[in-house]
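Chemist: Numbering (the working numbering), first residue to last: 565 to 1119. Please read through the structure below; I'll follow up with questions.
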């Protein structure tokens, strides 16, 4: 079979204004980026005036090197909904260059369930992430300039918390000393970079409904503390106006299409293991205002992306899913049961049996903790055996879990019709969204509830630094904010090697930080990093471009 990029490059795309017409969006509401990409001009007021469609959240088990196909399933489901006559759209995140050139890959789906133009999407796209990086680094520059120019705010250089950002996996930049050399080079201090998609600016953009709301959130972002240990904000630096100006166009949702010409809003790209892992509120609400069924997804497994989608995005944005699809594969569950990646093409009933509890825990969370109606989608692979598929289905049937096979990677919408039909039925069933914790819980209680209810752990182990920060944030009035857990995606625990459904484990609460503008507290667990590194063999080694400008090796 052809590679993903070969399939994408062989496709025939429709002009983007024709895609917009499917949703009733007029051409005067589009800002074109060539023939096949556009930004949509919209307002919160315009969105509110329209009847909302049904919202379908796609999530997954804990990811493995075998691949789960969450985005592929999302895209295929959107195409299948269109195929059975529904007015459908998707709302997805933008890919980050870090994973594209690193290990994970892009975020355009795969096989015959892809978003196009695939190369544009996975590279610079419409420049949103670059704008967010520039905005982040403007704040960093203004912090250090303020200190250099006399420091009237009395910012303690040892307590600057705002880090610089770059959209690349570069471990060399995690920790460094800046401002060294001559006096004119600034005040020497410890510094460092986060990947841009972990920047609070990204979270602010994704949780803002308008420029005015975004400016207020930016104003509240804390950049550091004074010598008296009082917080200093972007508003104190008088920087929110300039930062918002850089983000003026980035705030507008992007519209593209699938291989089968289903409309796709792709906007915002916070990581789910170190940020809140959801596309923008504005893109989701725009899609809901123009389509009857909207497929969206949350990053990584349901313990990370879905938890944050429900506890943070839905709570802040007034959203509630009508159905939740949990993607799994036989291959990935065999890895959760201890099988080696090199052996996944061989039938292994024992490993599959050991791995299935990982899936069951995620379903349990969606149904019991969050009160949502769930559908398990088995993303099939050619080497899956009938006995393995039967075992997986039977395990779901025994728990009264609705389970459907999906083959959208190889067949496109045709391979997702059964899934689409069942999801439509589920969307009409009543559900009541509940949260893993109450906002009035203490910071410690919120974290403890997530660990015990969602991860299945026995409790938490705190560093003294994290305890002190929790007390300080509570004293500053931030104790009633949601928490955004930064944790390995590979395990329900905070240790990547604990696969399957681990039990009787504690989660190490290493460090807390406040994202006062975005409106949540970030909790660093285990050894999670806000700046990833490249693997031994980066995907960048395989990417090239021909003399004619054709990109190759991009998946």
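Where a beta carbon is used, it is the ideal one built from N, C-alpha and C, also for glycine.
Using only CA atoms, which one of 871, 661, 962, 953 lies nearest to residue 732?
Modeler: Residue mapping note: residue 732 aligns to position 168 of the chain shown, counting from 1. Closest by alpha carbon: 661.
Chemist: So, at 7 Å on beta carbons, what are the nonlocal neighbours of residue 1037 in its own chain, with the 5 sequence-adjacent residues on each side left out?
Modeler: Position 473 of the chain shown holds residue 1037. Hits under 7 Å: 1007, 1043, 1076, 1078, 1085.
Chemist: Considering only DSSP beta bridges, list what residue 818 is partnered with.
Modeler: Counting from one through the chain shown, the residue named residue 818 turns up at place 254. The partner list for residue 818 (beta bridge, DSSP) reads 603, 830.
Chemist: Helix, strand or coil for residue 999 per DSSP?
Modeler: Along the chain shown, one-based indexing puts residue 999 at 435. If DSSP states are grouped into helix, strand and coil, residue 999 belongs with coil.
Chemist: Once the 5 residues before and after residue 849 are set aside, which same chain residues still bring their CB inside 6 Å of it?
Modeler: Numbered from 1 along the chain shown, position 285 holds the residue referred to as residue 849. Closer than 6 Å at the Cβ level, and outside the excluded window around residue 849, lie 611.
Chemist: What residue range does the beta strand (DSSP E) around residue 1015 cover?
Modeler: Within the chain shown, residue 1015 is the residue found at index 451, counting from 1. Careful: residue 1015 lies outside any beta strand (DSSP E) and carries neither H nor E.
Chemist: Let me check one thing: in DSSP terms, what residues is residue 755 bridge-paired to?
Modeler: If you number the chain shown from 1, residue 755 lands on position 191. Note: residue 755 sits in a beta bridge opposite 740.
Chemist: Rounded to whole angstroms, how far is the Cβ of residue 526 from the Cβ of residue 624, which I believe are closer than 8 Å?
Modeler: With the chain represented from 565 up to 1119, any question about residue 526 goes unanswered, as that position is not in the structure.
Chemist: Looking only at its own chain, which residues have a Cβ that is under 6 Å from the Cβ of residue 831, when we skip the five neighbours before and after it?
Modeler: Taking the chain shown and counting its residues from 1, the one referred to as residue 831 is at position 267. Same-chain partners within the cutoff: 817, 818, 843, 844, 847.
Chemist: Give the secondary structure of residue 635 by DSSP, where H, G and I count as helix, E and B as strand, and everything else as coil.
Modeler: For the purposes of this step, residue 635 is taken as the residue at position 71 of the chain shown. Reduced to three states, the DSSP call for residue 635 is helix.
Chemist: Label residue 748 either buried or exposed according to how many other C-beta atoms from any shown protein chain fall within 10 Å of its C-beta, with 16 as the threshold for buried.
Modeler: Within the chain shown, residue 748 is the residue found at index 184, counting from 1. Residue 748 is exposed by the Cβ-count criterion.
Chemist: I'd like the ranges of any beta strand (DSSP E) spanning at least 3 consecutive residues and lying wholly in the region 638-669.
Modeler: Runs of the beta strand (DSSP E) inside the region 638-669: 652-656.
Chemist: Looking only at its own chain, which residues have a Cβ that is under 6 Å from the Cβ of residue 926, when we skip the five neighbours before and after it?
Modeler: As a working mapping, residue 926 is identified with position 362 in the chain shown. Closer than 6 Å at Cβ, skipping near neighbours: 625, 866, 890.
Chemist: Output needed for residue 997: all residues of its chain with C-beta closer than 8 Å, excluding positions within five of it in sequence on either side, in chain order.
Modeler: Here residue 997 refers to the residue found at position 433 when the chain shown is read from its first residue. Correct list, in chain order: 874, 878, 884, 885, 934, 935, 936.
Chemist: Please report the Cβ distance between residue 939 and residue 923, rounded to the nearest whole angstrom; I am assuming they are in contact, meaning their Cβ atoms lie under 8 Å.
Modeler: Here residue 939 is taken as the residue at index 375 of the chain shown, counted from 1. Here residue 923 is taken as the residue at index 359 of the chain shown, counted from 1. Going by Cβ atoms, the distance from residue 939 to residue 923 rounds to 12 Å, so no, they are not a contact pair.
Chemist: Provide the residue(s) that pair with residue 790 in DSSP beta bridges, ordered along the chain.
Modeler: Here residue 790 refers to the residue found at position 226 of the chain shown. Partner(s): 719.
Chemist: Let me know if residue 976 comes out buried or exposed under the rule of 16 or more other beta-carbons within 10 Å of its beta-carbon.
Modeler: Stepping through the chain shown from its first residue, residue 976 is reached at position 412. Burial call: buried.
Chemist: Kindly indicate the opening and closing residues of the beta strand (DSSP E) around residue 1119.
Modeler: The count along the chain shown starts at 1 and reaches residue 1119 at position 555. Here residue 1119 belongs to no beta strand (DSSP E), and DSSP marks it neither H nor E.
Chemist: Under the assumption that residue 665 contacts residue 1103 (Cβ atoms under 8 Å), give the Cβ distance between them as a whole number of angstroms.
Modeler: Here residue 665 is taken as the residue at index 101 of the chain shown, counted from 1. Here residue 1103 is taken as the residue at index 539 of the chain shown, counted from 1. Contact flag correct, Cβ pair sits at about 6 Å.
Chemist: Can you list, in chain order, the residues of its chain with a C-beta nearer than 7 Å to that of residue 895? Leave out the 5 residues immediately preceding and following it.
Modeler: Reading the chain shown from its first residue, position 331 is the one you call residue 895. The answer, listed in chain order, is 630, 908, 945.
Chemist: For the ligand MG, is there a heavy atom less than 7 Å away from the beta-carbon of residue 979?
Modeler: Inclusion of the ligand MG in the displayed structure is not the case, the ligand content being empty and no account of it being possible.
Chemist: First and last residue of the alpha helix (DSSP H) that includes residue 700?
Modeler: For this step, residue 700 is matched to residue 136 along the chain shown. First-last of the alpha helix (DSSP H) with residue 700: 692-712.
Chemist: For residue 678, which residues of its own chain have a beta-carbon under 7 Å away from its beta-carbon, when the five flanking residues on both sides are left out?
Modeler: Stepping through the chain shown from its first residue, residue 678 is reached at position 114. Excluding residues within five positions, the ones whose Cβ falls inside 7 Å are 568, 571, 572, 639, 672, 822, 823.
Chemist: Report the residue from 775, 797, 789, 786 whose alpha carbon sits nearest the alpha carbon of residue 809.
Modeler: Within the chain shown, the letter at position 245 stands for residue 809. Checked all of 775, 797, 789, 786; the closest Cα to residue 809 is 775.
Chemist: Where DSSP assigns a beta bridge to residue 728, which residues make up the other side?
Modeler: Taking the first residue of the chain shown as 1, we reach residue 728 at position 164. In the DSSP output, where bridge partners are listed per residue, residue 728 has 757.
Chemist: Check whether the region 1089-1101 and the region 1059-1077 are in contact - that is, three or more C-beta pairs closer than 8 Å.
Modeler: Result yes; three or more Cβ-Cβ pairs closer than 8 Å.
Chemist: CA-CA distance, residue 994 and residue 728?
Modeler: As a position in the chain shown, residue 994 is number 430, starting the count at 1. As a position in the chain shown, residue 728 is number 164, starting the count at 1. Each residue's alpha carbon lies about 45 Å from the other.
Chemist: Would you check if the region 1107-1116 and the region 856-872 touch, i.e. whether three or more CB-CB distances between them fall below 8 Å?
Modeler: The answer is no - the region 1107-1116 does not touch the region 856-872, with fewer than three Cβ pairs under 8 Å.
Chemist: Between the C-alpha atoms of residue 684 and residue 601, what's the straight-line distance to the nearest angstrom?
Modeler: As a working note, residue 684 is residue 120 in the chain shown. As a working note, residue 601 is residue 37 in the chain shown. Approximately 9 Å, taken between the alpha carbons.
Chemist: Can you give me the start and stop residues for the alpha helix (DSSP H) that residue 859 sits inside?
Modeler: Residue 859 sits at position 295 when you count from the first residue of the chain shown. Premise fails: residue 859 lies in the beta strand (DSSP E), 857-861, not in any alpha helix (DSSP H).
Chemist: Where do the ends of the beta strand (DSSP E) carrying residue 943 lie?
Modeler: By 1-based counting over the chain shown, the position of residue 943 is 379. It spans 938-943 - the beta strand (DSSP E) in which residue 943 sits, taken as one unbroken run.
Chemist: Relative to the C-alpha of residue 971, which residue among 1110, 615, 643, 594 is closest?
Modeler: Start at 1 with the first residue of the chain shown, and residue 971 comes out as number 407. Closest by alpha carbon: 643.
Chemist: So if DSSP puts residue 677 in a beta bridge, which residue, or which two residues, is it bridged to?
Modeler: In the chain shown, the residue the question calls residue 677 occupies position 113. DSSP output for residue 677 lists 674 as bridge partner(s).
Chemist: Our contact map puts residue 828 next to residue 656 with C-beta atoms below 8 Å; I'd like the distance itself, whole angstroms only.
Modeler: Working through the chain shown from its first residue, we reach residue 828 at position 264. Working through the chain shown from its first residue, we reach residue 656 at position 92. Correct: roughly 6 Å between the Cβ atoms.
Chemist: For residue 921, which of helix, strand or coil comes out of DSSP?
Modeler: Position 357 of the chain shown holds residue 921. If DSSP states are grouped into helix, strand and coil, residue 921 belongs with the helices.
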